[in-house]
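Engineer:
Residue numbers (our numbering): 37 to 147.
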């Protein structure tokens, strides 16, 4: 019975639904492992690139420190809602395009 509903499509939906958790864990591990990721642009030019501080900004955002996140990289007010919108639209599209039907194996065994 469980195998009937546990197929690749459910796994795909579960993966998309859990992406923010994976992202959160990745950012937290990255910040704890090396708090200042290497920026080739900054090394070569001495100036911050558009992405400098975005990891620390997301880390601050996850801790609900909005002002600190904005200080790290003001573009967080654009990037974070955009990422959230992409995640929600992908999740909705995945759910709507996935057909919830029993696999063919279980249909043949139940007859």
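For each residue, glycine too, the CB sits at the ideal point set by N, CA and C.
When DSSP labels each residue in this structure, what does residue 54 get in the three-state scheme?
Structural biologist: The answer is helix: DSSP assigns residue 54 an H, G or I state.
Engineer: Can we say the segment 85 to 96 touches the segment 106 to 124, given the rule of at least three CB pairs closer than 8 Å?
Structural biologist: Result yes; three or more Cβ-Cβ pairs closer than 8 Å.
Engineer: Three-state secondary structure (DSSP) at residue 109?
Structural biologist: coil
Engineer: Does the separation of the CB atoms of residue 130 and residue 52 fall below 7 Å?
Structural biologist: yes
Engineer: Which of the three DSSP states, helix, strand or coil, is assigned to residue 101?
Structural biologist: Here residue 101 sits in coil by DSSP.
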